[in-house]
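Mapped onto full-length UniProt numbering, the consecutive letters of the sequence shown carry residue numbers 1 to 203. The next block holds one structure in the form of structure tokens; read it before the comments.
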Amino acid sequence: MIAVIDFETTGLSPAMGDRATEIAIVLLQSGQVVDRFQSLMNTGKHIPSFIETFTGISNAMLASAPSAQSVMCEASRFVGSIPMAAHNAAFDRRFWQAEMNQADQPSTQDFICTLLLSRRLYPQSPSHQLGRLVEFLNLPKAVRAHRAMADAEMATALLVQMQHDLRLTHGVNQPDHAFLRSVQRCAKYGLPALFAKQLAHSC
């Protein structure tokens, strides 16, 4: 099982004082979505006007949202020890860890990144932004991007497509989280050898 996550935030970095405003998590098992979690979260941090325009999440919406601590405690229970994935995972991992620490729920989960994986598996794509990749691969596109669940759903569809293509094109019978981590760490020239090794182990 893999937990695909997306955050909306007040800015780019928790190190600069930015906080999450919304979280969404999609649980994926054997290519099927089996559960979802989504919530706005009130950290008390003001949302800049340009971020409000970008995401559609307003300060008024967050005023009645549950506290970030309660949301992250619930998210921690929802995910448990399941390994995680995100598009541009470096961003979401930083906020996941920062918000978990704020809620006294430290986390050491491994992340895979569908952005890094797309550069390995779809080098011919004109862009590796999530929406552009979804268009390139003819996957369902969210009506309202830049909301957490919409982006998490698109990242999930992308991950499912990647697993399908690894099976069909490269003969990888079990493209699980651990193998996908190997792919994203592998240099492009090393991929054929990695796929051949995995195929040999499965025979």
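All C-beta atoms in this analysis are idealised placements derived from N, C-alpha and C, irrespective of residue type, glycine included.
For residue i, which of helix, strand or coil comes out of DSSP?
i, result
"valine 183", "helix"
"serine 118", "helix"
"valine 172", "coil"
"threonine 21", "strand"
"residue 282", "Because the chain here runs from 1 to 203, residue 282 falls outside it and cannot be looked at."
"threonine 156", "helix"
"residue 204", "The chain is shown only over 1 to 203; residue 204 falls outside these bounds and no answer can be derived."
"arginine 36", "strand"
"aspartate 6", "strand"
Measuring CB to CB, does residue i end up less than 8 Å from residue j?
i, j, result
"methionine 162", "alanine 24", "no"
"isoleucine 51", "glutamate 22", "no"
"alanine 86", "phenylalanine 111", "yes"
"threonine 114", "valine 26", "no"
"glutamate 99", "threonine 55", "no"
Assuming residue i contacts residue j under a Cβ cut-off of 8 Å, what Cβ separation, rounded to an integer in Å, is found between them?
i, j, result
"histidine 177", "proline 106", "At roughly 20 Å, the Cβ-Cβ gap does not stay under 8 Å, so histidine 177 and proline 106 are not in contact."
"threonine 10", "proline 48", "7 Å"
"arginine 120", "lysine 188", "6 Å"
> Does the region 118-132 come within contact of the region 28-44, defined as at least 3 CB pairs closer than 8 Å?
Replying inline: No: fewer than three Cβ pairs fall under 8 Å.
>> I'd like the ranges of any beta strand (DSSP E) spanning at least 3 consecutive residues and lying wholly in the region 54-103.
In response: You should have 84-86.
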